[in-house]
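In this note's numbering, the protein residues as written are 382 to 843.
Cβ atoms here follow ideal geometry from the backbone N, Cα and C, with glycine treated the same way.
Report on one structure; see the data block that follows.
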């Protein structure tokens with residue numbers, strides 16, 4: 382029984398030592414390698430995250446200069462700053478991870494291999510000494526028994542008892558040595574697992590603190606951030622006033638009025654509008670897209686607009702594009718996108734919308750197409766029988782200057798004049814008027830902003 386117990390302890394000790402040397406320490410080396418990869422991944426993530434939110438902050442800086450989006454710019458910059466602080470905390474957390482886990486595991490793994498090898502060798506050496514001593518006592522006892530065989534001398538009995546006591550003592554000592562070795566081996570194994578668990582408990586605690594800090598940083602201002610972007614229709618009073626001014630009907634340009642009344646007979650043309658008109662970004666956002674009025678004014682003596690509805694003329698003119706007659710000559714020069722003509726030429730409008738003071742049409746006598754100043758022409762209608770009370774426009778009446786166009790929208794096909802209606806039907810989005818250019822296809826459908834003006838003077842598709 383004693384021999385079996387001793388053998389069991391020795392097997393347990395060997396298995397424990399093998400577990401530490403062949404499984405635990407290689408496992409630690411694997412953890413070190415994986416931990417370094419973990420650190421690299423987190424470092425790459427924090428760098429990418431910081432770069433991303435730095436870009437968010439740049440967008441916020443652009444929004445700050447806008448009178449309507451200033452608060453949202455501040456929100457974007459505050460969000461970016463909060464995430465930057467979160468990433469800084471994450472970096473600090475992984476510096477501790479590297480210092481307290483990765484470096485410690487590396488040191489412990491290298492030292493433990495040496496320690497376990499030395500400990501095992503010392504144990505084997507001591508075990509061999511005790512085993513040799515026990516075996517010598519057993520051999521001596523056997524020799525004594527052979528000598529005393531057939532003899533009844535008390536001298537042999539005393540000597541034999543001494544050997545038996547020595548053997549028994551050495552067996553007990555051997556058992557204790559093996560038991561202590563087994564216990565120490567098991568404790569060494571547990572000590573290593575305890576070290577690993579304790580290190581990761583600390584890392585878990587630090588990670589928990591990081592998440593609590595991150596939650597506090599992100600949640601502290603979250604309600605105010607959400608409030609700022611909850612209602613896009615809410616704008617500052619100054620912007621509301623500006624929008625109201627933009628939506629009012631502009632008065633006729635004094636410059637065009639002066640040229641129309643005083644310089645027609647003298648043949649001095651008004652200046653052509655600039656090719657690259659500078660328009661206000663705010664107007665570009667909020668000004669409803671202006672179009673030439675298709676409805677003549679109610680005044681019996683008023684002039685006809687450039688895109689007068691042909692539905693008000695006789696049936697002979699239905700489907701005809703509106704035309705204008707030039708009142709000044711115009712030379713395109715080297716610009717192939719502009720149209721040259723003489724005084725009195727007829728031009729068919731291919732696009733009825735004025736673009737920053739320019740119209741696009743086809744010269745009837747040459748079939749050439751191009752842009753030309755709207756102030757160089759007047760509406761032209763052929764004499765016809767009409768059911769309306771509209772007369773031929775008086776050439777001496779002042780030319781109407783259409784409202785400024787801040788939209789870069791251009792139809793891809795010729796615009797067919799439609800029958801005028803007393804009121805324009807405007808759809809509502811969230812209780813606010815929906816401008817015509819918001820008909821659909823916009824992924825930011827809830828953000829009612831205008832497209833950017835390009836002032837492109839290239840020939841449109843008609």
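When the alpha-carbon of residue 487 is set against those of 612, 760, 414, 578, the nearest one is in 414.
For secondary structure counted as the beta strand (DSSP E) over 3 or more consecutive residues, the stretch 697-774 holds these complete runs in sequence order: 704-707, 727-736, 739-744, 750-754, 758-761. Per DSSP, residue 446 is not a residue of any alpha helix (DSSP H), being assigned neither H nor E.
Linking residue 589 to residue 563 through their CA atoms gives a straight-line distance of about 39 Å. Residue burial is scored here from C-beta neighbours: residue 575 has fewer than 16 other C-beta atoms within 10 angstroms and is therefore classed as exposed. With a beta-carbon spacing of about 27 Å, residue 598 and residue 446 fall beyond the 8 Å limit used to define contacts.
When 403, 553, 521 are compared, the shortest CA-CA separation from residue 544 is found for 521.
Here DSSP, grouped into helix, strand and coil, assigns residue 602 to coil. Here residue 440 is exposed, its C-beta having fewer than 16 other C-beta atoms within 10 Å.
By the neighbour-count criterion, in which 16 or more other beta carbons inside 10 Å mark a residue as buried, residue 758 falls on the buried side. Taking the CA atoms as reference points, residue 727 sits about 16 Å from residue 739. By the beta-carbon neighbour count (other beta carbons within 10 angstroms, threshold 16), residue 458 is buried.
Boundaries cannot be given for residue 612, as no alpha helix (DSSP H) includes it and DSSP labels it neither H nor E.
Residue 618 and residue 451 have their C-alpha atoms some 13 Å from each other. DSSP places residue 530 in the coil class of the three-state scheme, outside both helix and strand.
Around the beta carbon of residue 463, 16 or more other beta carbons sit within 10 angstroms, so the residue counts as buried.
Assignment of residue 450 by DSSP, reduced to helix, strand and coil, places it in the coil class. Taking each of 453, 725, 526, 745 in turn and checking the Cα distance to residue 607, the smallest one comes out for 453.
Around the CB of residue 535, fewer than 16 other CB atoms lie within 10 Å, so the residue is classed as exposed. When only Cα atoms are considered, residue 542 and residue 514 end up about 17 Å apart.
Annotated as distal: residue 434 and residue 573, with beta-carbon spacing of 7 Å or more. Looking from the CA of residue 524, the closest CA among 756, 614, 540 belongs to 540. Pairwise C-beta distances place the stretch 499-508 in contact with the stretch 549-564, as three or more of them are shorter than 8 Å. Distance from the CA of residue 624 to the CA of residue 615, rounded to the nearest whole angstrom, comes to 13 Å. Excluding the 5 residues flanking it on each side, residue 595 has same chain C-beta neighbours closer than 7 Å at 467, 470, in chain order.
Residue 530 is not a Cβ neighbour of residue 548, given a cutoff of 7 Å.
Residue 702 and residue 626 have their C-alpha atoms some 33 Å from each other.
Between residue 714 and residue 729, the beta carbon gap of about 23 Å keeps them out of contact (Cβ cut-off 8 Å).
Within the same chain, and ignoring the five residues on either side of residue 403 in sequence, no residue has its Cβ closer than 6 Å to its Cβ. C-alpha of residue 476 to C-alpha of residue 601: approximately 26 Å in a straight line.
Taking C-alpha positions only, residue 425 is separated from residue 716 by approximately 53 Å.
The residue among 718, 706, 752 with its C-alpha nearest the C-alpha of residue 760 is 706. Excluding residues up to 5 positions away in sequence, 477, 478, 481, 482 lie with their Cβ nearer than 8 Å to the Cβ of residue 584 in the same chain. Between residue 720 and residue 751, the C-beta spacing is below 7 Å.
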